[in-house]
Each structure stands twice: as structure tokens, then as C-alpha cells.
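K.L.:
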Amino acid sequence: MGQQANPKPSSGSYAVTPAPARLSSTAARLRFRPSPVARRPPTPTQLPPSAGRAPCCPFAQRVCALRGWRLHQPPSAPRGCGLRLASARSSLRLAAAARHLPPSSPTAALRPSPLIMREMLSNRLAPFISKRCISSLRTSSPSSSFSSLSPIQPWLFIGLGNPGEKYQSTRHNVGFDMIDAFAQSQGIPLTTHYFKALFGEGMVDGVPVLLAKPQTYMNLSGESVGPLAAYYKLPLNRVLVAFDDMDLPCGVLRLQPKGGFGRHNGLRSVIYHFHRNREFCRLRIGIGRPPGQMDPKAFVLQKFNRTSRERIDSAIKEGVDILKMVATKGLAEAARLSNADQKYKHMRSHDLQD
């Protein structure tokens with residue numbers, strides 16, 4: 001005769017308990033009090049298939065298709081569970097990342113930013129992506145734009161120098177001159193301001209090439225180079241930095257797979273922003289040493305004399321061919337061929353003095 005047995009909680013947010021025969025006013029007010037179980041957020045296994053979950057995000061589908069990821073879902077999870085970028089914070093971050101894509105890039109529509117990939121991997125897609133695919137993603141270090149379309153990774157060619165007309169045609173700006181000559185030979189415009197650099201991208205015999213001239217001044221070049229290489233997820237063996245070198249005779253080029261920074265503050269900044277990793281390629285452009293007791297800082301900011309200018313112009317033409325060879329044949333073959341030609345180019349160990 002007493003009270004009826006309590007039914008199981010409904011699918012809503014409250015557990016309803018039938019009132020006894022004689023119910024006080026206080027008990028009547030508390031009849032629909034929330035159950036402690038209902039206060040907890042439901043787990044995915046508690047949600048029915050028709051719980052209103054949205055299907056897989058179209059953006060996630062497109063990115064996974066471009067990346068070649070294999071999506072799978074646990075049998076206990078409802079359809080579409082975990083594959084949505086649902087939070088407002090995620091949407092704002094995606095919109096902010098999309099605004100930083102270079103508008104002139106032919107592959108901008110296919111390039112998911114690292115911010116988007118990190119958000120998707122850490123919060124949404126990680127439980128549903130095959131472990132084999134994730135391990136290959138971490139070890140291959142692909143470019144975020146070209147690797148999804150082609151197995152060939154792009155090359156990033158960077159020239160160091162100082163911006164402004166004041167520093168044009170100076171010894172410290174031969175890195176800029178090298179990138180300008182290469183861009184002109186390949187028809188690549190350097191008009192986009194991207195990561196504090198003048199940026200351009202194109203193709204060299206089917207190999208994607210990215211060009212950059214940091215506009216941060218020489219001693220802060222790493223502030224542009226580091227984020228740029230990180231954005232494209234390039235391994236450092238696909239990054240080449242062209243810069244002036246006082247330890248080589250004027251007009252002599254040297255291609256190296258790695259090394260230190262010597263007395264070059266621009267190269268020091270690049271190494272610092274690569275987390276002190278020196279395993280990147282470099283094209284050293286010889287400018288000779290300062291005469292007598294001349295301050296090296298004043299020497300590198302001077303313009304070339306006529307003889308030195310002729311040697312540098314000839315070296316830049318040769319450097320363009322070397323960069324093409326690096327993109328098409330690889331660094332090892334390009335270094336073997338070019339360094340042998342440059343070894344006895346000039347027998348003197350110093351530049352002609354001004």
C-alpha cells in the first residue's frame with residue numbers, strides 16, 4: 001500500500017518521482033528536484049542516435065581527404081560524435097587563422113593553417129584518426145600546402161639583408177640581390193608582405209619554391225624566417241639561406257648543408273629562432289675582408305667598387321643556376337658540382353680593396 005517503486009530516469013534532465021497518497025506542501029515543491037545523476041553531462045554512449053548531433057564537419061572532411069587520413073569511429077560512439085568544431089572559441093580561432101593566408105597564393109584555399117590542424121588534432125579528430133596515420137604525420141614533417149597535393153616538398157629560399165633604399169647595392173644586401181635575381185629569372189613576384197617578409201611562391205621544373213626577403217633588418221632576420229618555416233612545416237633541410245660572407249673572396253660562392261654563424265648576426269638570429277638548430281642549408285656569397293683596420297660593420301654597409309661589383313654580378317648569375325640546381329637535383333648534387341667550380345675561381349684570398 002505504500003509508495004510505488006521509482007521508475008528509471010527519463011532521457012530528459014530531471015528524474016520524476018510519483019507523489020505518495022498524502023503529500024505535504026514541501027514535498028510537492030521538491031517533487032521535480034533534479035537528480036544528482038542528471039547533473040552530470042551525459043557521456044557519448046548515453047546519447048541516442050537522434051540526440052541532435054550534427055554530422056561530420058565539412059571542413060574536417062575536406063582536410064582529412066586532402067591529408068589522406070583514414071577516419072574511423074568506435075562502435076559505441078553515435079554518428080558524428082567528436083567530428084565537429086562546435087565551440088565558439090574554435091570558430092573564432094579558425095576565422096583568425098584564415099585571415100593570415102596570403103591572398104595571392106594559388107593554393108591558399110587548400111592550405112589549413114597549423115593553428116587549425118593543432119585544434120583539430122588535439123580536441124576533435126585525434127580519437128578518430130588511425131594511429132598509423134598520426135605517426136606518419138609526425139615523422140614526415142610535410143608542407144601544409146604542397147604535400148597534400150604532391151609528394152615533392154617545397155624549397156624555401158631566403159635572402160638576408162636590410163630593407164630600404166639606403167642599403168641597396170651594399171655588401172650586406174647581396175642575399176637580397178640573389179633572391180631578386182632568382183625571382184626575376186623564374187617570373188615570381190615578390191610583392192606579398194607575409195611574416196614580416198616580402199614573399200613569393202612559384203614552380204621550378206615542377207618543384208614548388210617559396211622565396212622570402214625578411215624586412216626586419218639584418219640582426220632580427222630570425223623573427224621572420226623562423227615563423228615562416230614553421231608555418232609551412234618544412235624540415236630544415238628544405239630551407240636555404242643566402243647571405244654575405246667576409247671569409248670568402250669577393251664573388252666566390254659556397255653551398256653548404258649546415259654550419260655555424262661565424263660573425264654574421266643575421267645568421268645568428270636565424271639559428272636562434274630555429275631553436276638553435278643549425279641543420280639548414282646556406283649559400284655563402286663572398287664579399288672579401290675589410291682593408292687594414294677598417295671596422296667590419298662599416299665595411300659591410302658600403303657599396304662595391306667597380307671591380308667588386310662585376311665579380312658580384314657574375315656570382316649572382318651563377319648563384320641563380322645553383323639555386324635552380326638545388327631545387328631540381330637536390331642539395332648534395334648541387335653542392336658537388338658548384339663547389340668544385342668555385343674552388344679555384346679566384347686564387348687570391350682577399351677582395352680587391354676600395
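Residues 1 to 354 in full-length UniProt numbering are what the sequence shown lists, from first letter to last.
For every residue, glycine included, the Cβ atom is placed at its ideal position computed from N, Cα and C.
#1: For aspartate 245, count neighbouring Cβ atoms within 10 angstroms of its own Cβ and tell me buried if that reaches 16, exposed if not.
#2: Grouping DSSP H, G and I as helix and E and B as strand, with all else coil, what is arginine 289?
#3: So leucine 234 packs on glutamine 302, CB below 8 Å; how close in whole Å?
#4: Between alanine 230 and alanine 212, how many whole angstroms is the CB-CB distance? I'm expecting something under 8 Å.
#5: Give, in chain order, every unbroken run of the beta strand (DSSP E) that is at least 3 residues long and sits entirely within the region 165-210.
#6: With a cut-off of 8 Å, do at least 3 Cβ pairs link the region 331-343 to the region 199-216?
#7: So, with DSSP's three-state summary, where would you put leucine 337?
#8: Do alanine 315 and leucine 236 come within 8 Å of each other at the CB atom, strictly closer than that value?
#9: CB glycine 161 to CB glycine 175, shorter than 8 Å?
#10: Determine the closest residue to glycine 266 out of His193, Arg282, Leu255, Asp321, with distance taken between C-alpha atoms.
#11: Find the nearest neighbour of valine 272 within the set Asp177, Ser224, Gln168, judged by alpha-carbon distance.
#12: How many Å lie between alanine 335 and proline 291 at the Cα?
#13: Cα separation between alanine 183 and proline 189?
#14: How should aspartate 177 be labelled, buried or exposed, when 16 other C-beta atoms within 10 angstroms of its C-beta is the threshold for buried?
#15: When burial is assigned at 16 or more other CB atoms within 10 Å of the CB, is serine 338 buried or exposed?
#16: Would you report the Cα separation of glycine 200 and leucine 220, rounded to the nearest angstrom?
#17: Note down, in chain order, each residue of its chain lying with its Cβ closer than 7 Å to the Cβ of alanine 332, except the 5 sequence neighbours on either side.
P.N.:
Answer, in terms of the structure:
#1: Residue numbering aside, residue 245 sits at position 245 when the sequence shown is read from its first letter. Under this definition aspartate 245 is a buried residue.
#2: In the sequence shown, counting from the first residue as 1, residue 289 sits at position 289. Arginine 289 falls in the coil class under three-state DSSP.
#3: Taking the sequence shown and counting its residues from 1, the one referred to as residue 234 is at position 234. Taking the sequence shown and counting its residues from 1, the one referred to as residue 302 is at position 302. With a contact defined as Cβ atoms closer than 8 Å, leucine 234 and glutamine 302 miss out at about 34 Å.
#4: As a first step, residue 230 is located in the sequence shown; it is residue number 230 there, counting from the start. As a first step, residue 212 is located in the sequence shown; it is residue number 212 there, counting from the start. The Cβ separation is near 13 Å, so there is no contact.
#5: Those beta strand (DSSP E) runs which fall completely within the region 165-210 and span 3+ residues are 197-204.
#6: No, they do not touch.
#7: Counted from its first residue, the sequence shown places residue 337 at position 337. Residue state, collapsed to three classes: helix.
#8: Looking up residue 236 in the sequence shown gives position 236. Looking up residue 315 in the sequence shown gives position 315. Contact: no.
#9: Within the sequence shown, residue 161 is the residue found at index 161, counting from 1. Within the sequence shown, residue 175 is the residue found at index 175, counting from 1. Yes, the Cβ-Cβ distance between glycine 161 and glycine 175 is below 8 Å.
#10: Here the question's residue 266 lines up with position 266 in the sequence shown. Per the Cα distances, Arg282.
#11: Stepping through the sequence shown from its first residue, residue 272 is reached at position 272. First, the residue type needs correcting, since residue 272 is tyrosine and not valine in the sequence shown. With distances taken between Cα atoms, tyrosine 272 lies closest to Ser224.
#12: The count along the sequence shown starts at 1 and reaches residue 335 at position 335. The count along the sequence shown starts at 1 and reaches residue 291 at position 291. Looking at the two C-alpha atoms, the distance is approximately 30 Å.
#13: For the purposes of this step, residue 183 is taken as the residue at position 183 of the sequence shown. For the purposes of this step, residue 189 is taken as the residue at position 189 of the sequence shown. Answer to the nearest angstrom: the Cα atoms are 7 Å apart.
#14: Counting from 1 along the sequence shown, the entry for residue 177 is found at position 177. So aspartate 177 counts as buried.
#15: For the purposes of this step, residue 338 is taken as residue 338 along the sequence shown, with counting starting at 1. Around the CB of serine 338, 16 or more other CB atoms lie within 10 Å, so the residue is classed as buried.
#16: Here residue 200 corresponds to residue number 200 of the sequence shown, with the count starting at 1. Here residue 220 corresponds to residue number 220 of the sequence shown, with the count starting at 1. Each residue's alpha carbon lies about 20 Å from the other.
#17: As a first step, residue 332 must be located in the sequence shown, where it is residue number 332. No residues qualify anywhere along the chain.
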